[in-house]
Structures are given as structure tokens and as C-alpha cells.
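Engineer: If you use my numbering, the sequence shown corresponds to residues 2 to 745, in order.
Each residue gets a CB set at the ideal place from its N, CA and C atoms; glycine is no exception.
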Amino acid sequence: MLRVWVCLCAVLLPLRSHAATLNGFVTDRESGESLAYANVAVKGSPLGALTNPSGYYAIRAIPPGVHEVVFSFVGYETRRDTIRVTGAEDIRRNVALSPRPISLAGETVVTADRYEQERATQPSFLTVPAQTLRNLPAVVESDLLRSLALLPGVQTASDISSGLYIRGGGPDQTLILLDQIPLYNPSHAFGFFSTFNPDAIKDVNLYKGAYPAQYGGNLGSVLDVSNRDGNRNALHGTGGVSLISARLMLEGPVKEGSWMLSGRRTYLEPILSAIRSRTTEIPAYYFYDLNARVNQELGGSDRFVASGYLGRDDLHLDLDEGSFVNVRWGNTAFTGKWTHVFSPSVFGNFVTVFSRYTSDTSVSFFDTPILFSNSIRDLSAKGDIDWFASGRHTLTGGFWATRYDFSFRQVFNQQEQQNLRLSPVLLALYAQDEWRLAQATTVRLGGRSTFFSAGRRLNVEPRLSVSHALKPDLRLKLAGGVYHQYLQLVTTEGFSGGDFWVPLDATVRPGRSWQSVAGVVWEPSDRYQVSLEGYYTRLENLVILDNSVAPDAEETRSDDLFRAGGRGHATGMEVFVQRRTGALTGWIGYTLGWTRRRFPELNQGRAFPPKYDRRHDLSLVAGYRRGRWTFGGSLVYATGQAFTPAAARYSLRAPATGLLPDEDDILPAARNSARLLPYHRLDLSVRRDFRLFGRSAQWFVQVFNVYSRRNEWFIQYNTENPATEPKAVKMLPIVPTFGLDLKF
């Protein structure tokens, strides 16, 4: 790969000696937020550029003369500027664009699509405006991860789970980033809510597969979430209250930059205390989270950003005297980012990251204490360099270095049974060239190499994507790549607070996937977009937790804890039809998919569908705006979840006494060979704007599961009574709620 880059640089360096370079930042005039992927073009020439995620652009090889430069971005007023080039000079133009809602047929269009160009270049990439996610009907209050499940190819395990299952992959196969910080358990309330406060979110970007070279470490997909920078011009705030929590977000200018502070906390304690009685023991529970971000310009070429997140869940349940359950878990994360313009055509971005997830469970039964404690700590350094080499080539390269600290401790009656501590290191290098091969064709060619110290694993991962405009309104996209995963999540669907991660050591090969995607996008107008995408993922070296290992076993090798050597595949087709502008907006998403796994030691070595396999998944989402009223709705239908039925019940007599036990045993049938009933649900919401003490406000009423469909979650067997039929444990009934949002 190094030889290729050297040859490429040799070709690109001899540019015209008397040409100039135009560079600068493009921002939002009202808030000062950077505008990623804005278009900058020199009128009357093929010269142009797109801003990078930090809003920076550079155009090289501008010949001498007077030129008109056009700055444009969807949803913003186009700005024109004139530059005079006399020779080989550097010209800095920082431009602030004013938001301009687009009107069609008298109706106001939603705000800009910040990542329109990235969607045009990269298959399987979706971006959803934070405001759209906030307006979708939800359980009690808006939630980012649960709202993403309304997109094609994305599912959750249940009504009370925020874990994402994307294109047949489990939650551990999705890399989740907040301001480039990895979050290892982004959930509150046992998975009922995610850790993302909707008021603090700026961008939500989802790569469902075949993601580019700057990301790595997971077999399936990437969810990249960015917090707001903060308003550089004035002090603003938003807040709200719902039935279970209150939240507040403040932002404003500070010196040559901005700040943002956001917080959220539940107030369930009085409600739970009110329904607690001597015969009904209700746990005491609350959660909170805090987001903070500070941005500062350090001269014309340097910027510094510091951001952090803190979230905690706390549960306490008193049982009989001398018996209780205490569970506390949460994330702590901080990052510092420095961006530097080394030259007009070279832009650098350097990040240090600290992320820690901890979970502590303390239990006492009749004065016998039991303790489970696990944590993962991630200390990382990351650097990226963007080189605007020419009008056709933008080269990107970088590194990522991470030191992990894993710990798992188990104590029974003050006797330590396990105390596992591991500290592996992961190193990664990547390089990528975004090559505008022709006016209608863009090729993104990259590669990533990784080294994991546990097992001394060295791997190379090529990446490729191609985008070609067949016609102005019709685009063909292809992508593929190789991916590896070195960490494994051990999870229980019903209680995310007990989830923990472990590294795969030398006894087990890291998971590997080959992903390929092909699709076509048709945009007959700004209002409508239709996309059709097919995907195929081949998986190797999969592992699954070995449930036969005793809880007090002392083995800590990966080969002892997991069943290894698994293989599988996921394939399917997705249809996504969007109406993006006008009073009525929304989408129809449909997925036809197959997912299979095969392990030598499971199901007699035969392939089986995992529980999150879905043959059909359909979602209809709509929002209608009329005056001060906003109406929303979503309808979901999906094939029932796979489960393992019972083939027979049996009893074994005790050899010494000849007596039968009190309970039967269950003989399982083929793994996941049966299906629960189909899942379907309708959610509705209504919002109305009004003035409260001279400030903008909005009240809302929403109803989750309008017709109270009790969808099936899992099957439970009563082994004490042979005549008892299997019981389907149900999910949530109808859940109405209301709340108030404020702006000031």
C-alpha cells in the first residue's frame, strides 16, 4: 500500500506553479455550527470541493484572473464571492451561510441535509435529522436508538430493548460513537432508553454496512453521533418534561467559540414509593446523564474541542430482612480534539479519548453477600489527515491506538471466585483516496491494517466504494470490504445492566466478515427519493457464549468461555421510499432478509436462524405539519422472532431412591426452528406550538401501541405441571403519555 501512495503522490505533486489555493471554513450564520459537505465551486470551471466533517474546504490549481466562487448548501442561501488571483498564493475565505427554508406549493420544507454528498458517494449510509427523531412517536419520550429501528434493515429485540440488530448482526457488531468516543453500553433502564439526550444531538449518521476505512473494529455497522457545537452568537436553551424525566440544554458563546451543556434525570422515586406496599415490593430506581462541549478557535488555523458524557443508572430493591439487590451501572467518557490547518491543502484532526463502562451488582440473600463487578476502560489516541491533493483526489490517512483495561470480579460470601484482569492493545492505520474519476463517477479506495496484542493478531482490510450517476436523477452505488472484531459482548436481552465485554485471546480467532453492497438511487425531484439496495455478508470465526460452563468455573481462556468456529451469512434487499419536503413528510421502508449461523457443537452442526432473523420487516412513518400543529405516526410489521420450541418433556428417576423429581426436564427441538406470531404496532403523536411567558413552547401527546397489540417476547415453560401449556410472555400494551418542550 505504501508504494501505491508514493507513486500517487509523485503524480499529484507537480501542479501548476502559478496557481493559487482557496481555503476556509463554511458555517451556519445563525448558530456558528460547522457545515459538513457544503459545496464550493469556481464558476465557469470544473474546479470545486466539498467541505469535510469539520466544515473545511480547499481548492487547488486556481489560475490567475478574477473568479466568482459559489458557496451552496441545501436549505441555505447561496453565497457568491469574487476573488482575484495574481499568482501562486493562498487565499482564505471563511463563509457563513444563512438558513433558508425551501418552499414548495406554499409549504415549508424541512431543514438541510448536511450529508447529501456522503449519501451520494457511500452505499448503506443514512442520516436522520435530530429534529425528525425527536418528533417520532415513542414510549414515554423520544429516543434515538429506538427511533432508528423504523429504518429499513434496523431492528430492536423487543419493546424494552434499545440494542440495535442491523442487517442480521447483533448489538456487539455495531460500533457506537458519541463525538468519536466509543460507548460500550449506551442504554438506560435495562435497555428501555438509550444514553443519547435528543436535545444535545446535532448529527446522527448510520453506516449499515461496507463502511469506509476510517472506521473499524466491528463486523457489521457504525452509528456515529455528534453533539451540538453550541451557539456562537447568543445564549439559547431548550428543555422539557415528560411523565418520567426532565431535561435542559443550554448553549452560548464564549470568547472565540461556544459551549453546550445538557442534562436529563428521571423523577420516578416518588411514583415508585407511592405504589410500594408491604405486599408489593417495588424497587427504587433513577437514571441521569450529562453532556458538555466547549469549542475554541486558537487563531485562524487551530481549533480545540473538549466534550464529555456522564450517565448512571441506580436500582435498589429490598426483599426480606437481610436480603436486597443493588445494581449500579453507567458510562463515563471524555474527548479532546485539536484541528490544525497545516497548509491550505492539508487539514489535520487529532483526538484523545477516554471511555469507561462499569457495572456493579451487589446481592444479599439471608445475610449471604454476592458481588458481580465488571468494567471496560478505553484510552485511545486518534489522528486524521485530509490532503486536498487536486480537483480529482482527496487523500485521507490516519491512525488509531487503544489500550483496553478489562476486569471481571465475582465474590460469593466474601470468598473471591473470579478476578479477571486483561489489558490488550489495538493499533490501526488507514489510508483512503476519494477519486473523482469523472464528472459522474466517484471512487473511494481505501485500506485499514490492525494489530491486536491479545494473540498478536495482524490483519489487513481493503475497502472500496463506487458511485456513478447513470442520469442526473439516477445513481448506481457499489461497495465492499473486509472487517475484523476483537471484542465480544456477553449480554442478556432482559437486563442490559449486566452486559460485559471481553477480548478474544490467542485461543480463538477474531471474527471476520466480507461485506458487499449494491444499490440504485432515484431522485425524480427534491421532494422524493427512492432507493433499492441489496447486501450480502459472509461471517467467519464467530463465537457464542457456552452456557454449559459453571458460574464458578475458573477457566478464563476464550476457548473455555465460548463455543468458537462459527460461520454464517446475512443477505437481503431493502427498499426505502422517502417524501422529504412539503407539509407531509415520511418514508416507507421494507426489508426482505435471511440470516443464518452454523456452529460445529450446536444444533448437530446444522445451520439455524438467530433469534433476530426477520424474513419481512415493514415500516411506514409519516409527519404532517399544518400551522401550529404537527401530527406523527408510525406503523410497523415484522416476521415473528425465532425461538427453540420444546420437543418433549421427560423425568429421570433418582437411581438411589427410585423417586421422580418434582419438576420435568425439557428436551429442546432444533435450534430456533419455530416462530413467534408476527409483530405489528401503531404509534401516534400530536404536537402544538404555543407561547409560554413570551417563549416558544410545544406540548405533545403520544400513544405507543394504539390498539394495544400484546406482541410476543419469548416462550416460557412450566416444568412443575405437565398439563400446563407453554406461555408466551408479552411485550408492552398501549402506553399513552404527554409532555412539554420549551425554547428560550
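#1: Say whether the region 155-170 touches the region 227-234, bearing in mind that this needs 3 or more beta-carbon pairs closer than 8 angstroms, one atom from each stretch.
#2: May I ask you to report which of helix, strand or coil DSSP gives G624?
#3: Are K472 and G520 closer than 8 angstroms when you measure CB to CB?
#4: For the pair the region 127-145 and the region 244-259, tell me if three or more CB-CB distances fall below 8 angstroms.
#5: On the three-state DSSP scale, how would you describe D684?
#6: Under the rule that 16 or more other beta-carbon atoms within 10 Å means buried, what is A89, buried or exposed?
#7: What does DSSP give as the partner residue(s) for N206 in the beta ladder?
#8: Which stretch, first to last residue, makes up the alpha helix (DSSP H) that contains D303?
#9: Of the choices D474, V687, A429, P47, whose alpha-carbon is the least far from that of I625?
#10: For D665, name the three-state secondary structure that DSSP assigns.
#11: Work out the CA separation of Y358 and G763 for me, nearest whole Å.
#12: For D321 and F367, I'd like the C-alpha separation in whole angstroms.
#13: Do L668 and A648 have their C-beta atoms closer together than 8 angstroms?
#14: Taking a contact to mean a Cβ-Cβ separation below 8 angstroms, would you say N198 touches N332 in this structure?
#15: For the alpha helix (DSSP H) containing D560, list its first residue and its last residue.
#16: State buried or exposed for R85, treating a residue as buried only when at least 16 other CB atoms are found within 10 Å of its CB.
#17: Taking the straight line between their C-alpha atoms, what separation do you get for Y405 and S99?
#18: To the nearest angstrom, report how far apart G66 and V75 are at their CA atoms.
#19: Work out the CA separation of Q416 and A565 for me, nearest whole Å.
#20: Tell me whether the beta-carbon of E1 lies closer than 8 angstroms to the beta-carbon of G641.
#21: When we look at the beta-carbon of V426 and count the other beta-carbons within 10 Å, is it buried (16 or more) or exposed?
#22: I'd like to check one pair, L743 with L693: are the Cβ atoms closer than 8 angstroms?
#23: Can A639 and G587 be called in contact, C-beta distance under 8 angstroms?
#24: How many Å lie between V110 and L585 at the Cα?
#25: According to the neighbour-count rule (16 or more other Cβ atoms, all chains shown, within 10 Å of its Cβ), is S259 buried or exposed?
#26: Among the candidates I60, F577, D290, whose CA atom is the shortest distance from the CA of V347?
#27: State the CB to CB distance for the pair S35 and G49, rounded to an integer number of angstroms; the pair is presumed to be in contact (CB under 8 angstroms).
#28: Give the DSSP-derived three-state secondary structure of P199 in the structure shown.
#29: P748 and R445: beta carbons closer than 8 angstroms?
#30: Out of L318, G45, R449, which has the shortest C-alpha to C-alpha gap to G399?
#31: Output the distance between the C-alpha atoms of I377 and N722, rounded to the nearest integer angstrom.
#32: Output the boundary residues of the alpha helix (DSSP H) element that contains S148.
#33: Under 6 angstroms Cβ to Cβ from L178, same chain only, skipping five residues before and after it: list those, please.
#34: Which runs of the alpha helix (DSSP H) at least 4 residues long sit entirely within the region 597-645? Give them in chain order.
#35: Compute the distance between the beta-carbons of Y529 and Q486, then report whether it is under 8 angstroms.
#36: Determine the DSSP secondary structure at L105, reduced to helix, strand or coil.
Structural biologist: Judging by the given coordinates:
#1: no
#2: strand
#3: no
#4: yes
#5: strand
#6: Its Cβ having fewer than 16 others within 10 Å, A89 is exposed.
#7: N206 pairs with T128, D225.
#8: Careful: D303 lies outside any alpha helix (DSSP H), inside the beta strand (DSSP E) at 303-319.
#9: Looking at the sequence itself, residue 625 is Tyr, so the reference to Ile does not match. Here the closest residue by C-alpha is V687.
#10: coil
#11: Because residue 763 is not part of the residues shown, which for the chain are 2 to 745, the question remains open.
#12: 8 angstroms
#13: yes
#14: no
#15: From DSSP, the alpha helix (DSSP H) with D560 extends over 559-562.
#16: Exposed, by the Cβ-count rule.
#17: 44 angstroms
#18: 29 angstroms
#19: 31 angstroms
#20: The requested residue 1 is not part of the displayed model; the chain covers only 2 to 745.
#21: exposed
#22: yes
#23: no
#24: A caution first: V110 carries a pLDDT of 38, below 50, which makes its placement in the model unreliable, though a value can still be read off. Cα-Cα distance, rounded: 9 angstroms.
#25: buried
#26: I60
#27: That belief does not hold up - the Cβ atoms of S35 and G49 are roughly 19 angstroms apart, past 8 angstroms.
#28: If DSSP states are grouped into helix, strand and coil, P199 belongs with the helices.
#29: Beyond the ends of the chain as shown, which are 2 and 745, falls residue 748; an answer cannot be given.
#30: R449
#31: 43 angstroms
#32: 145-149
#33: D225
#34: none
#35: no
#36: Low per-residue confidence applies at L105: pLDDT is 38, beneath 50, and the placement is therefore not dependable, though the value from the model is reported in the following sentence. Of the three classes helix, strand and coil, the one that applies to L105 here is strand, per DSSP.
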